[in-house]
Every structure is written in C-alpha cells, then in structure tokens.
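*Asks:* Please see the structure below; I have some questions.
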Amino acid sequence: MAHDSLTAEIASGHPLVALSPHLDDGVLSCGALLLRARLRAPVTVVSFFTEAAPPPYTLSGRQYLRQTRASDAEALYASRRDEDRAVMTELGAAWRHFGLVDGLFRRKDGRAPRSGGLAGRLPEIDHVYPTYRLHLSRGRVSRHDAGTVRAVADAIAALLPSGRGLVLAPLGVGGHADHVLVRTAAELSGRRVAYYSDFPYNLRSGPDASFTGRHAFTACAWEDGLAEKRELIRGYRTQADALFPQGSIPLVPEVFLLPASVPAAPTPPRGGGP
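Take the position in the sequence shown, starting the count at 1, then add 425; the result is the number in this note's numbering.
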C-alpha cells in the first residue's frame, strides 16, 4: 500500500487533528505520520479520556493499577498528563486534554464514589463498564455513554469549525469502548475523517468489519519515522512496560483508512452493554 494519498494530505498544509482516546493512543498509532506532518501543517493531538476518579475501584481498575505499579488512579493520571505534555513538546504538536474520565473508572451519570453499603463492597454496580473483559473491551458503547458521544462529537466539530483539514480517529481495533466511542463521535461530527489502525492492539486483532464494510475507504500504510516514533512511545513511562512487557517496541507500519468523501452523519447509536 502506497502512502501517496497521505503525502498529499500533508502537503496541502491544512490542519491535521489526531483524536487520542487516552493519553498515548495518538502517538502509538499515528506518531510517525505526525512527526512528518507537523513540518508542513498545523498538528493538534486531542486526548479525551484523561482523568481517573477516586476509589473504590472495580476489580478491573485495581488490576490495571497493579500493572502500572500505581496505587492511586488520580495520581497516576496526573503523571500520565505530565508525560503526554512532554511527548507533545518533543513531537512539536499542539495538544489538548479534554478531561473526561477513563472508561475503567467512569461512573454512571457522574455518580459520586460510594464507600458504604453494597456499592462500597461491589463498586462495579456504579460503573459504566463494570469489567474490562466483559464490558469495556467488547466493542460496544454503553447506553450510559450516549451523552459522552454527543459531547465528543460536538468537540470534534468545534476543533475544525471551517470544515477544512483532516481528523484522524481511531478505527477501534481491539474493541475498547473508549476507542469505539471516539470513532462514533468522529463519524457523527460531519468532519472529514480518516481512521487509524489502533497500535498495538492491531498486532493481535483486526478491524471491525461491520464498520469498514459500510464505508468506501482507501487503505494507506506509513513507514517514515517509525524509529523516531519508538522513542516518543518510551516517553509514556507509566504505560510502556504494561503495553510492551517484553521490553521491545516493534516497528510496525502505521495504517490509515482514508475517506473518498465526507460521509453523511449517521444516526447516533442507542448503545449496547450495561
């Protein structure tokens, strides 16, 4: 797959906005492209789910904290935001942290943490995604996140108010609900969107055929700058060991699906799951 289409997009000089569900996804999946694009066009990386929440944590939340050698989720996410700011400075891109709570810690209807009663003993009942395996990674956006989808879609539309430029959104490979939510919001935004294959999840999973099958996409691969991107990834110190437990970050070409034209905005999904 040639990357001529992507090269033309960069050469146009129009703004490029990369949507990063979490504080590393944009660089993990698009970092090599962004390194080259920022030399020719304004580049902004917008991270949406950049906050945690106080305990009690779900079992899945506690397991994630153990993987990252952290005990306090809010302190961990403060460190993650610091890491991202440093990486964005090295990348030479503008950045924004949108301030939504990560799916692992997101509670229904903005509920306050409850330390007593059943919710204190079983915090899963208050969470939008009670478990990682059965809920957060199943490729579905919960009905409790309908308002979040609309808020993210409005934010994306405001990032490119003229409609010029290109949005890079996650393809949702791996099925993480936060990634699928941002993909859905990007589709609803009415902006011109290209979708990136989510790394490193694409090492073991394929794209959602129900999504790709209803679009006319041109697939492009990007390989320039992968070694430099690997150094940027290492800047996310709290995440790198958990993502790459063998210690080696593979140099995998970035894959993008480019639209033939701006698609009509779809009907907002009702959502699935809990």
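Beta carbons are placed, not taken as given, at the ideal position from N, Cα and C, and that holds for glycine. None of these values were measured; they are calculated from a predicted model.
What separation, rounded to the nearest whole angstrom, lies between the Cα atoms of I435 and E549?
*Replies:* Taking the sequence shown and counting its residues from 1, one reaches residue 435 at position 10. Taking the sequence shown and counting its residues from 1, one reaches residue 549 at position 124. Rounded to the nearest angstrom, the two C-alpha atoms are 44 Å apart.
*Asks:* Return the residue from the list T432, A611, V598 and H569 that minimises the CA-CA distance to I581.
*Replies:* Looking up residue 581 in the sequence shown gives position 156. Selected option, being the one with the closest Cα: A611.
*Asks:* Considering only DSSP beta bridges, list what Y557 is partnered with.
*Replies:* Within the sequence shown, numbered from 1, the residue matching residue 557 stands at position 132. For Y557, which the question treats as bridged, DSSP gives no partner whatsoever.
*Asks:* Which same chain residues, not among the five before or five after S562, have their C-beta less than 8 Å away from its C-beta?
*Replies:* On the sequence shown, position 137 is the one that residue 562 refers to. Around S562: G599, G600, H601 and A602.
*Asks:* Using DSSP bridges, identify the partner residues of V526.
*Replies:* Residue 526 sits at position 101 when you count from the first residue of the sequence shown. DSSP output for V526 lists E476 as bridge partner(s).
*Asks:* What alpha helix (DSSP H) runs, 4 residues minimum, are completely inside the region 607-649?
*Replies:* Runs found: 634-637.
*Asks:* Work out the CA separation of T556 and L484 for me, nearest whole Å.
*Replies:* Residue mapping note: residue 484 aligns to position 59 of the sequence shown, counting from 1. Residue mapping note: residue 556 aligns to position 131 of the sequence shown, counting from 1. Distance between the alpha carbons of L484 and T556 is about 7 Å.
*Asks:* By how many angstroms is the C-alpha of V680 removed from the C-alpha of G631?
*Replies:* The residue given as residue 631 occupies position 206 in the sequence shown. The residue given as residue 680 occupies position 255 in the sequence shown. Going by the C-alpha atoms only, they are around 12 Å apart.
*Asks:* I need the straight-line Cα distance from G545 to R461, nearest angstrom please.
*Replies:* Looking up residue 545 in the sequence shown gives position 120. Looking up residue 461 in the sequence shown gives position 36. Rounded to the nearest angstrom, the two C-alpha atoms are 49 Å apart.
*Asks:* Could you check the C-alpha separation between D649 and C455 for me, to the nearest Å?
*Replies:* Looking up residue 649 in the sequence shown gives position 224. Looking up residue 455 in the sequence shown gives position 30. Distance between the alpha carbons of D649 and C455: 11 Å.
*Asks:* I think F473 touches V577, with their Cβ atoms under 8 Å apart; what is that distance to the nearest whole Å?
*Replies:* Numbered from 1 along the sequence shown, position 48 holds the residue referred to as residue 473. Numbered from 1 along the sequence shown, position 152 holds the residue referred to as residue 577. So it is a contact: roughly 6 Å between Cβ atoms.
*Asks:* Decide if Q664 is buried, meaning its Cβ has at least 16 other Cβ atoms within 10 Å, or exposed.
*Replies:* Here residue 664 corresponds to residue number 239 of the sequence shown, with the count starting at 1. Answer is buried; the Cβ neighbour count reaches 16.
*Asks:* Note down, in chain order, each residue of its chain lying with its Cβ closer than 6 Å to the Cβ of Y626, except the 5 sequence neighbours on either side.
*Replies:* On the sequence shown, residue 626 is found 201 positions in, with the first residue counted as 1. Around Y626: V598 and G599.
*Asks:* So the candidates are A518, S430, Y482 and Y502; which of them puts its Cα closest to the Cα of V468?
*Replies:* Taking the first residue of the sequence shown as 1, we reach residue 468 at position 43. Answer by Cα proximity: A518.
*Asks:* Is it buried or exposed for E499, if we count other Cβ within 10 angstroms and need 16 for buried?
*Replies:* Residue 499 sits at position 74 when you count from the first residue of the sequence shown. E499 is exposed by the Cβ-count criterion.
*Asks:* Between the region 561-575 and the region 504-524, do at least 3 Cβ pairs fall closer than 8 Å?
*Replies:* At 8 Å Cβ cutoff, the stretches do not touch.
*Asks:* Tell me which same chain residues have a C-beta within less than 6 Å of the C-beta of S504, skipping the five on either side of it?
*Replies:* Taking the sequence shown and counting its residues from 1, the one referred to as residue 504 is at position 79. Counting only Cβ-Cβ distances below 6 Å, and skipping sequence neighbours, we find T663.
*Asks:* So, at 7 Å on beta carbons, what are the nonlocal neighbours of S540 in its own chain, with the 5 sequence-adjacent residues on each side left out?
*Replies:* Reading the sequence shown from its first residue, position 115 is the one you call residue 540. Only P481 meet the Cβ criterion.
*Asks:* Look at the alpha carbon of V442 and the alpha carbon of G528, and state the distance between them as a whole number of angstroms.
*Replies:* The count along the sequence shown starts at 1 and reaches residue 442 at position 17. The count along the sequence shown starts at 1 and reaches residue 528 at position 103. Whole-angstrom Cα-Cα distance: 22 Å.
*Asks:* For a test of the three-state rule: what should DSSP assign to S405, helix, strand or coil?
*Replies:* The structure shown does not extend to residue 405, since the chain spans only 426 to 699, so no value can be given for it.
*Asks:* DSSP three-state label for P675, please.
*Replies:* Residue numbering aside, residue 675 sits at position 250 when the sequence shown is read from its first letter. Three-state DSSP puts P675 in coil, outside helix and strand.
*Asks:* How long is the line joining the alpha carbons of R536 and V526, rounded to whole angstroms?
*Replies:* Locating residue 536 in the sequence shown gives position 111, counting from the first residue. Locating residue 526 in the sequence shown gives position 101, counting from the first residue. If you take the alpha carbons of R536 and V526, they lie about 12 Å apart.
*Asks:* Should G438 be labelled buried (16 or more other beta-carbon atoms within 10 Å of its own) or exposed?
*Replies:* The residue labelled residue 438 in the question sits at position 13 within the sequence shown. Per the 10 Å Cβ criterion, exposed.
*Asks:* Identify whether A690 lies in helix, strand or coil by the three-state DSSP scheme.
*Replies:* Within the sequence shown, numbered from 1, the residue matching residue 690 stands at position 265. With a pLDDT of only 39 at A690, under the threshold of 50, the placement of this residue in the model should not be trusted, and no figure is reported.
*Asks:* Measure from the alpha carbon of N685 to the alpha carbon of each residue in W647, F642 and V470, then state which is nearest.
*Replies:* Residue 685 sits at position 260 when you count from the first residue of the sequence shown. The residue asked about is misnamed: residue 685 is Ala in this sequence, not Asn. Checking every option, the nearest Cα to that of A685 belongs to F642.
*Asks:* Going along the chain, which residues of its own chain have a beta-carbon closer than 6 Å to the beta-carbon of V471, five neighbours each way excluded?
*Replies:* On the sequence shown, residue 471 is found 46 positions in, with the first residue counted as 1. Excluding residues within five positions, the ones whose Cβ falls inside 6 Å are L444 and R521.
*Asks:* Apart from the five residues just before and just after A495, which ones in its own chain have a Cβ nearer than 6 Å to its Cβ?
*Replies:* Taking the sequence shown and counting its residues from 1, the one referred to as residue 495 is at position 70. Cβ neighbours of A495 beyond the five flanking positions: L501.
*Asks:* Whole angstroms are fine: how far does the CA of K654 sit from the CA of P678?
*Replies:* Reading the sequence shown from its first residue, position 253 is the one you call residue 678. Reading the sequence shown from its first residue, position 229 is the one you call residue 654. Cα to Cα, the separation comes out at about 11 Å.
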